[in-house]
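Data block below; observations after.
Following this line, the structure appears as structure tokens:
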């Protein structure tokens, strides 16, 4: 293929790799941060006490095994559920991803998370 900008060919012999992958994503910050909460417009914070236990509980309720991992950040165009733009690196994320899962409600049982105070003013 070609890339054309303003009716001019700026690149030839270009191949495109487009992927579409749907599912559920749970995004978590790796650390408690008033700065992150404020930038995301959040007014509440929950500390996950055991992310492995949370993963197991949610996997059981959703009926699929999630992929889990910290997000990495890049200046390049590559993206996936765990690879984001370097411009988002301030979010410092950990994610759980359930491929092909439909939206649904889940219950987080007691002992997995506690509410934390944050200041977002």
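In the working numbering, the protein residues as written are 253 to 373.
Glycine residues also receive a C-beta, built at the ideal position from the N, C-alpha and C atoms.
Bear in mind that the values here come from a model prediction, so they are computed numbers and not experimental data.
Cβ pair residue i, residue j closer than 8 Å
i, j, result
"residue 263", "residue 344", "no"
"residue 335", "residue 327", "no"
"residue 286", "residue 371", "yes"
"residue 309", "residue 360", "yes"
"residue 333", "residue 277", "yes"
Helix, strand or coil at residue i according to DSSP, with G and I counted as helix
i, result
"residue 351", "strand"
"residue 286", "helix"
"residue 319", "strand"
"residue 330", "coil"
"residue 356", "coil"
"residue 266", "coil"
"residue 291", "helix"
"residue 256", "strand"
Beta-carbon contacts of residue i that lie in its chain and below 6 Å, excluding the five residues immediately before and after
i, result
"residue 306", "300, 364"
Residue i classed as buried or exposed, judged by whether at least 16 other C-beta atoms fall within 10 angstroms
i, result
"residue 222", "An answer regarding residue 222 cannot be provided, because it is not within the stretch 253 to 373 covered by the chain."
"residue 288", "buried"
Integer Cβ distance of residue i from residue j, believed to fall under 8 Å
i, j, result
"residue 368", "residue 349", "With 8 Å as the limit, residue 368 and residue 349 do not qualify as a contact, their Cβ atoms being about 24 Å apart."
"residue 342", "residue 284", "At roughly 14 Å, the Cβ-Cβ gap does not stay under 8 Å, so residue 342 and residue 284 are not in contact."
Contact set for residue i: own chain, Cβ-Cβ below 8 Å, skip 5 residues either direction
i, result
"residue 316", "350, 351, 352, 353"
Same chain only: Cβ atoms within 7 Å of residue i, ignoring 5 sequence neighbours per side
i, result
"residue 331", "none"
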